[in-house]
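Here my numbering is used: the first residue of the sequence shown is 2, the next is one more, and so on. Virtual Cβ for every residue (Gly too), placed ideally from N, Cα, C. Because the structure is a prediction, the values reported are computed rather than measured. Comments concern the structure below.
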Amino acid sequence: MTSRLSRAWRNGIWRLALASAVALAIGWWLHAIAACLLAVAAIWLSLGAYRLRGFARWLESGRRRPDARGSGLRAELEHLISSRRRASFDEKRHLVGLLRAFRDAAAALPDAVIALDGDHRIQWFNAAARHLLGLKYPEDVGGHVTNLLRAPRIVDWLRQGGIDPLNDQPSPGDESLRLNLRLIRYAGDQCLLIARDVSQLMRLEQVRRDFVANVSHELRTPLTVVHGYLDLIEPEQMQEYEPILRELRNQSRRMTQIVEDLLTLSRLEAQHEIPAERVAMRPLLEALRREAVALSQGQHAVSIEIRSPQDLRGSPKDLHSAFSNLVSNAVRYTPQGGRITLRWETDALGGRLSVIDTGHGIPAQHLPRLTERFYRVSTSRSRETGGTGLGLSIVKHVLQLHQARLEITSELGVGSVFSCVFGPERLLEPQAVVALS
Ligand code: ADP
């Protein structure tokens, strides 16, 4: 097309040159060269202005077919523009088709999908959003999502940026439905709010939890009886059965501990709220140190470093149980002569309780799975030291209830650091001590 355009342009120049030559010849013959050239220029400009007007009218009309016939510059320009218009129209139609197909697919999703703008105003939502989130079409389009989904948990979650998914949220439209909400960012500040119905999954999860809790509960009584009778028998009085009796005692103690840990986990899983009590860190660390010393029986050097006077807000009993699991692991997985340090420190980002040991260390590939139930790096070492494989699961659950997280760093043969990291909202200023005279 462009070569046709330049050919038309060249032809135009030739025609102008020819007309000027003819005007020159006539002018020379009539002795009026300037007048003839002026006349040709005037005719040429008028013709150009007339064609330009026609071209402008055609552009304005928006008609797709070119007006001009023939092969002049204007005809070529109209052809060029109309073919570009056609291509852009086809492209637009293709894009609109794609957009419709995408919307139809999103509308047919069983999950609720809401498109939000940067201010969290609803731009669009699918049919499932009406059912799962109780939204109404078209009234709710353009509304602020927190005015329409008013559950305080959803509002808080959205305010905090919705970084992690929000689990087990009752549906605002139907309380019997449980939802999992996710916020996905795209194209700068736009977001997709996706809600999935996980009621069935939650029911199965509840059945699993109840089953584990019931089995653990049922095992507790017979185990207490077995354990009690075994304690009554002194191995020294039955020399030939002594090793068997000792092993029986050890195993029944381990089973009792597993049952207790499973019951603790069931209780933590069922718990959604925790007490907001002051957890005094200095006495807690001192108690943990005493426990470590008792467990270590003089085999390790245990020290505490309290670098901040601040305390924590939460459940003293659960936090003690979590920290004491970490301390017990440090003692059990650190060879004789090793060092164990309990450190408490805070800054503007929050608080950190670290249990640092100079033990065996953990290979990096095991770190992400350590908090899974019954996951052990070395099963024999865990059993030898009386481990249940549930300690770190308990730690993870307790920390989750406190909106805190467990960070683990470890180097083989050098040692490990298990840190419980709390947000600044969990920190409490030290209590003022009133001196009585
Ligand atoms: P266990 O009762 O077996 O100790 P835990 O859940 O407390 O179960 O820990 C899981 C696994 O993580 C342990 O079996 C052990 O292999 C590893 N582990 C935990 N703490 C330490 C530590 N301080 N040093 C080395 N390994 C550890």
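Of the residues the options, the one placed nearest residue i, counting alpha carbons only
i, options, result
"Gly-338", "Arg-279, His-361, Leu-285, Thr-347", "His-361"
"Tyr-138", "Ile-123, Glu-237, Ile-27", "Ile-123"
"Gly-49", "Leu-74, Ile-27, Leu-60, Ala-196", "Leu-74"
"Gly-392", "Met-203, Asp-198, Leu-31, Ser-322", "Ser-322"
"Cys-421", "Trp-59, Arg-86, Val-396, His-273", "Val-396"
"Ser-172", "Ala-42, Val-199, Arg-104", "Val-199"
"Cys-192", "Leu-178, Val-114, Arg-210", "Val-114"
"Arg-186", "Gln-240, Gly-119, Gly-55", "Gly-119"
"Asp-358", "Ser-304, Asp-91, Trp-345, Arg-377", "Ser-304"
"Arg-283", "Arg-85, Arg-183, Pro-310", "Pro-310"
"Arg-197", "Gly-189, Arg-183, Ser-89, Glu-206", "Arg-183"
"Ser-417", "Gln-432, Ser-394, Asp-348, Val-328", "Val-328"
"Gln-300", "Ala-281, Arg-291, Pro-336", "Pro-336"
"Arg-179", "Ile-155, Leu-429, Leu-246", "Ile-155"
"Asn-181", "Asp-112, Thr-147, Asp-190, Gln-272", "Asp-112"
"Leu-249", "Val-399, Trp-59, Thr-410, Leu-231", "Leu-231"
"Glu-373", "Ser-394, Leu-39, Asp-348", "Ser-394"
Residue range of the alpha helix (DSSP H) that includes residue i
i, result
"Gly-392", "392-402"
"Asp-175", "Premise fails: Asp-175 is in no alpha helix (DSSP H) and is neither H nor E."
"Leu-269", "243-271"
"Arg-131", "128-134"
"Glu-385", "380-385"
Environment of residue i [buried if 16+ CB atoms lie within 10 Å]
i, result
"Thr-389", "buried"
"Asp-157", "exposed"
"Arg-427", "buried"
"Val-216", "exposed"
"Val-208", "exposed"
"Trp-30", "exposed"
"Leu-439", "Nothing can be reported for residue 439, as the shown portion of the chain is limited to 2 through 438."
"Asn-251", "exposed"
"Val-97", "exposed"
"Ala-24", "buried"
"Asn-330", "buried"
"Asn-204", "Position check: residue 204 holds Arg in this sequence, whereas Asn was assumed. Exposed, because fewer than 16 other Cβ atoms sit within 10 Å of the Cβ of Arg-204."
"Arg-86", "exposed"
"Ser-381", "exposed"
"Ala-405", "buried"
"Leu-19", "exposed"
"Val-356", "buried"
"Val-415", "exposed"
"Phe-419", "buried"
"Ile-363", "buried"
"Phe-375", "exposed"
"Ser-7", "exposed"
"Gln-170", "buried"
Between the CA atoms of residue j and residue i - distance to the nearest angstrom
i, j, result
"Leu-134", "Leu-149", "9 Å"
"Ile-341", "Ser-297", "10 Å"
"Asp-262", "His-218", "11 Å"
"Thr-257", "Leu-266", "14 Å"
"Cys-37", "Phe-56", "28 Å"
"Leu-289", "Ser-325", "6 Å"
"Ser-4", "Ala-76", "14 Å"
"Ile-439", "Asn-127", "Not covered by the structure: residue 439. The range shown for the chain is 2 to 438."
"Gly-174", "His-132", "7 Å"
"Arg-370", "Glu-243", "39 Å"
"Gly-315", "Gly-162", "24 Å"
"Glu-92", "Leu-78", "21 Å"
"Ala-88", "His-95", "11 Å"
"Asp-319", "Arg-353", "16 Å"
"Arg-151", "His-145", "10 Å"
"Ser-47", "Leu-17", "13 Å"
Residues sharing a beta bridge with residue i, DSSP
i, result
"Arg-197", "Asn-181"
"Arg-186", "Cys-192"
"Glu-219", "BP columns for Glu-219 are empty, so no partner."
"Gly-162", "In the DSSP output, where bridge partners are listed per residue, Gly-162 has none listed."
"Arg-122", "His-145"
"Cys-421", "Leu-354, Leu-407"
"Glu-235", "DSSP lists no partner for Glu-235."
"Val-303", "Ile-341"
"Leu-39", "In DSSP, Leu-39 forms no bridge with anything."
"Arg-314", "Arg-279"
"Gly-416", "Glu-412"
"Leu-202", "The partner list for Leu-202 (beta bridge, DSSP) is empty, contrary to what the question assumes."
"Leu-368", "Answer is none; Leu-368 lacks a bridge partner."
"Leu-167", "Leu-182"
"Leu-429", "Asp-312"
Boundaries of the beta strand (DSSP E) in which residue i is found, first to last residue
i, result
"Asp-348", "340-348"
"Ile-357", "351-358"
"Asp-105", "Note, Asp-105: premise wrong, no beta strand (DSSP E); alpha helix (DSSP H) at 74-109."
"Leu-117", "113-117"
Within-8 Å CB hit, residue i to chain B
i, result
"Lys-137", "Chain labels in this structure do not include chain B; a single protein chain is all it has."
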